[in-house]
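Numbering (my numbering), first residue to last: 1 to 135.
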């Protein structure tokens with residue numbers, strides 16, 4: 001192999017690697033980091049320390065202020081919500097919660113009830129299932 005062909009091969013491999021990283025970022029799920037933070041925070045909670053769990057789409061994060069509820073009422077309700085979280089996951093998330101917590105109440109955000117089953121998107125499911133440990 002000549003020196004010129006070697007340089008061309010190295011440049012080609014470099015361009016392929018850059019293209020791969022660009023496409024990987026372009027096709028990855030949006031807001032993945034925020035969803036990871038929510039689920040990793042839940043798994044980091046000490047066993048049986050939550051009074052309740054608030055489940056739903058990203059609206060649950062915006063409508064529930066856990067520090068304020070704890071300061072005013074002394075209750076600890078964790079907002080276990082991800083972007084576009086479909087209601088079909090509630091059952092499985094409750095089962096996952098029950099493995100490490102014993103909450104007295106579940107608050108389920110019902111905005112998704114207006115959507116039909118055909119409107120459930122794969123991204124909404126994968127934002128949870130790709131990150132969950134499912135012990």
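Where is the CB? At the ideal position from N, CA and C, for every residue including glycine.
C-alpha distance - residue i paired with residue j, whole-angstrom precision
i, j, result
"residue 88", "residue 110", "12 Å"
"residue 39", "residue 122", "18 Å"
"residue 73", "residue 82", "25 Å"
"residue 53", "residue 10", "53 Å"
"residue 47", "residue 16", "46 Å"
"residue 19", "residue 5", "21 Å"
"residue 113", "residue 8", "56 Å"
"residue 103", "residue 22", "42 Å"
"residue 68", "residue 58", "18 Å"
The beta strand (DSSP E) enclosing residue i, as first and last residue numbers
i, result
"residue 52", "52–56"
"residue 94", "Here residue 94 belongs to no beta strand (DSSP E); instead the alpha helix (DSSP H) covers 90–98."
"residue 79", "77–81"
Proximity winner among the options, relative to residue i (alpha-carbon distances)
i, options, result
"residue 56", "7, 92, 10 and 48", "92"
"residue 60", "85, 37, 41 and 70", "85"
"residue 51", "23, 27, 98 and 130", "98"
"residue 64", "27, 79 and 14", "79"
For residue i, the three-state DSSP class (helix, strand or coil)
i, result
"residue 11", "helix"
"residue 107", "strand"
"residue 37", "helix"
"residue 46", "coil"
"residue 113", "helix"
"residue 132", "coil"
"residue 1", "coil"
Residue interval of the alpha helix (DSSP H) (run including residue i)
i, result
"residue 125", "122–129"
"residue 71", "66–73"
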